[in-house]
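Participant: Please read through the structure below; I'll follow up with questions.
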Amino acid sequence: MPELPEVETVRQGLTQLVVGKTIAKVLVLWPKIIESPEVSAFSHNLVGQKINEISRRGKYLVFHLTDYDLVSHLRMEGKYEFFSEPSSELAAEEITGQLTVQELQDAFTKDELGGFPVTKHTHVLFFFTDGSQLQYHDVRKFGRMALLPKGTAGDYKGIARLGPEPTPEAFTLKEFKVGLLKSHKAIKPLLLDQHLVTGLGNIYVDEALWQAKIHPEQPANTLTDQEISRLRLAIIDVLKRAVAAGGTTIRTYLNALGEAGKFQLSLNVYSQTGKPCPRCGTPIEKIKVAQRGTHFCPTCQKLHQGNGRLVKKGAR
DNA sequence: AATACTACCTGCGTGC
DNA sequence: TGCACGCAGGTAGTAT
């Protein structure tokens, strides 16, 4: 679920909560979350590792440990939850309430859990030497973790192919323009694939396109110079404002401290179907673009013909 | 190579 | 009430 602003907010919370702590034990309850190495090595290698720093690249979190980089992607529903100490009564209640006896026996014993509450959506437990615990929760189980040699997170497949961070320095107009003009794709799915710039997801791409007054289905290579320039600034601005607001909570997102974001109060189009466009009053429409729900203003964001450059057939 | 579609999962709201 | 279906802050793998 989270896009860059939510991941950055999680990173800040986690930094407060677990930097400086040393891992005493790791339990993996849903093995598919661990991409590499195999689960037994993953758990074993983490014992004794200290968390020195937590950074972010695009929507990826990187835990910098004594001897490893731990890469974590939350995908749609991943969350971290921190417990400063065990609470055995709660644990017993939640276990019996949420897990079948079969599941419980298959996965672990109550003793192993050390008195921490676990639900059927709890998939990875990091026990720290000071008695606290960090849990990874994920209702849809799409999130992934990989434990890599120290200093190699940047070579990890998903991270290596990311475009620049959405800052004025890294995300240059020149490179953005070159990338856009090479693609016939609709602008929205092109921005979602993280190659030209990283960090946008379904909420912020709709917001940025609205801010730049560009139709989500406008072919990338037909954008005018003015539109490209506006779009770049809109992307940088929207993501920056959303980080400052602690992200957007529409349905389920909470940061590592269990708090909701505030950017939903500033949304202009996402989840605003039927409400008046804040610029012109036209009701916001919802359509489907590249299988994703897409919100836009049909008056402010018009599809248009080419940009004056040579346009190949098919662009409209 | 570039683009499009599907799989991966679970829960929730809607309409019959 | 039950059930089928569509939808959800994402990405990777597989077709075309």
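Each number in the numbering used here comes from the position in the first sequence (counting from 1) with 1 added on. The beta carbon of each residue, even a glycine, is placed where N, CA and C say it ideally should be.
Take the Cβ of Leu266 as the centre, count every other Cβ of all protein chains shown within 10 Å, and call the residue buried at 16 or more, exposed below.
Facilitator: By one-based count along the first sequence, residue 266 stands at place 265. Burial call: exposed.
Participant: If you draw a straight line from the alpha carbon of Gln288 to that of Phe129, how long is it in whole angstroms?
Facilitator: Within the first sequence, the letter at position 287 stands for residue 288. Within the first sequence, the letter at position 128 stands for residue 129. Per the sequence presented here, residue 288 reads as Ile, with Gln not at that position. Spanning the two alpha carbons is a distance of roughly 47 Å.
Participant: Skipping 5 residues on each side, what residues in its chain have a beta carbon closer than 7 Å to that of Lys178?
Facilitator: For the purposes of this step, residue 178 is taken as residue 177 along the first sequence, with counting starting at 1. Closer than 7 Å at the Cβ level, and outside the excluded window around Lys178, lie Ile229.
Participant: Do Thr199 and Leu163 have their C-beta atoms closer together than 8 Å?
Facilitator: Numbered from its first residue, the first sequence carries residue 199 at position 198. Numbered from its first residue, the first sequence carries residue 163 at position 162. It is a contact, given that the beta carbons lie within the stated cut-off.
Participant: Given that a residue counts as buried once 16 or more other Cβ atoms are within 10 Å of its Cβ, and exposed if not, what is Pro118?
Facilitator: Counted from its first residue, the first sequence places residue 118 at position 117. So Pro118 counts as buried.
Participant: Mind checking Val48: buried by the 16 CB within 10 Å criterion, or exposed?
Facilitator: Here residue 48 is taken as the residue at index 47 of the first sequence, counted from 1. So Val48 ends up on the exposed side.
Participant: Under three-state DSSP, which class holds Thr101?
Facilitator: In the first sequence, counting from the first residue as 1, residue 101 sits at position 100. Summary for Thr101: the model assigns pLDDT 46, below 50, so the residue's position carries little reliability; its value from the coordinates is reported in the next sentence. The answer is coil: DSSP assigns Thr101 none of H, G, I, E or B.
Participant: Regarding Gly79 and the ligand FMN, is the C-beta to nearest heavy atom distance less than 7 Å?
Facilitator: In the structure on display, the ligand FMN does not appear, and there are no ligands present to speak of.
Participant: Answer with buried or exposed for Cys301, where buried requires no fewer than 16 other C-beta atoms within 10 angstroms of its C-beta.
Facilitator: For this step, residue 301 is matched to residue 300 along the first sequence. Burial call: buried.
Participant: Since Arg293 is in the beta strand (DSSP E), which residue starts that stretch and which ends it?
Facilitator: What you label residue 293 is simply residue 292 of the first sequence in a count that begins at 1. Where Arg293 is concerned, the enclosing beta strand (DSSP E) stretches over Arg293 to Phe297.
Participant: Glu54 by DSSP, collapsed to three states: which one?
Facilitator: Your numbering for residue 54 matches position 53 in the first sequence. If DSSP states are grouped into helix, strand and coil, Glu54 belongs with the strands.
Participant: Would you kindly report the start and end of the unbroken alpha helix (DSSP H) that includes Lys289?
Facilitator: Here residue 289 refers to the residue found at position 288 of the first sequence. No alpha helix (DSSP H) holds Lys289; the beta strand (DSSP E) holding it covers Glu286 to Val290.
Participant: By how many angstroms is the C-alpha of Gly307 removed from the C-alpha of Tyr137?
Facilitator: On the first sequence, position 136 is the one that residue 137 refers to. On the first sequence, position 306 is the one that residue 307 refers to. Spanning the two alpha carbons is a distance of roughly 47 Å.
Participant: Can you give me the C-alpha to C-alpha distance between Leu135 and Lys22, rounded to a whole angstrom?
Facilitator: As a working mapping, residue 135 is identified with position 134 in the first sequence. As a working mapping, residue 22 is identified with position 21 in the first sequence. Taking the straight line from one Cα to the other gives about 10 Å.
Participant: Identify, in the order they occur along the chain, each residue of the same chain with its Cβ nearer than 7 Å to the Cβ of Ala246, setting aside the five sequence neighbours on each side.
Facilitator: On the first sequence, residue 246 is found 245 positions in, with the first residue counted as 1. Counting only Cβ-Cβ distances below 7 Å, and skipping sequence neighbours, we find Gly262, Lys263, Phe264 and Ser267.
Participant: Buried or exposed: Lys80, going by 16 or more other Cβ atoms within 10 Å of its Cβ?
Facilitator: As a first step, residue 80 is located in the first sequence; it is residue number 79 there, counting from the start. Looking at its Cβ environment, which holds 16 or more other Cβ atoms inside 10 Å, Lys80 is buried.
Participant: Does DSSP put Tyr61 in a helix, a strand or coil?
Facilitator: As a working note, residue 61 is residue 60 in the first sequence. If DSSP states are grouped into helix, strand and coil, Tyr61 belongs with the strands.
Participant: From Leu5 to Ile237, what does the alpha carbon distance come to, in whole angstroms?
Facilitator: Sequence index remark: in the first sequence, residue 5 carries index 4 (1-based). Sequence index remark: in the first sequence, residue 237 carries index 236 (1-based). Their Cα atoms are separated by approximately 11 Å.
Participant: Taking the alpha-carbon positions, what's the Gly152 to Lys51 distance?
Facilitator: In the first sequence, residue 152 corresponds to position 151, counting from 1. In the first sequence, residue 51 corresponds to position 50, counting from 1. Each residue's alpha carbon lies about 15 Å from the other.
Participant: Between which two residues does the beta strand (DSSP E) harbouring Gly14 extend?
Facilitator: As a first step, residue 14 is located in the first sequence; it is residue number 13 there, counting from the start. First-last for Gly14: Leu5 to Val19, but that is the alpha helix (DSSP H), not the beta strand (DSSP E).
Participant: Bridge partners for Arg145 per DSSP, in chain order?
Facilitator: Locating residue 145 in the first sequence gives position 144, counting from the first residue. Per DSSP, His74.
Participant: Would the stretch 51-67 count as touching the stretch 27-35 if we require 3 or more Cβ pairs under 8 Å?
Facilitator: Judged by Cβ distances under 8 Å, the stretch 51-67 makes no contact with the stretch 27-35, as fewer than three pairs qualify.
Participant: Provide the residue(s) that pair with Thr23 in DSSP beta bridges, ordered along the chain.
Facilitator: Taking the first residue of the first sequence as 1, we reach residue 23 at position 22. In the DSSP output, where bridge partners are listed per residue, Thr23 has Lys51.
Participant: Whose CA, out of Glu260, Val206, Gly14 and Gln13, lies closest to the CA of Arg293?
Facilitator: Within the first sequence, the letter at position 292 stands for residue 293. The option with the nearest alpha carbon to Arg293 is Val206.
Participant: If you follow the beta strand (DSSP E) that Asp139 is part of, which residue opens it and which one closes it?
Facilitator: Here the question's residue 139 lines up with position 138 in the first sequence. Note, Asp139: beta strand (DSSP E), Gln134 to Asp139.
Participant: Given this structure, state the Cα-to-Cα distance separating Pro169 from Ile285, to the nearest angstrom.
Facilitator: Taking the first sequence and counting its residues from 1, the one referred to as residue 169 is at position 168. Taking the first sequence and counting its residues from 1, the one referred to as residue 285 is at position 284. One C-alpha to the other measures close to 30 Å.
Participant: For Glu94, does the three-state DSSP call read helix, strand or coil?
Facilitator: The residue you call residue 94 lines up with position 93 of the first sequence. Confidence at Glu94 is low in this model, with a pLDDT of 42, below 50, so its placement is unreliable and no value can be given for it.
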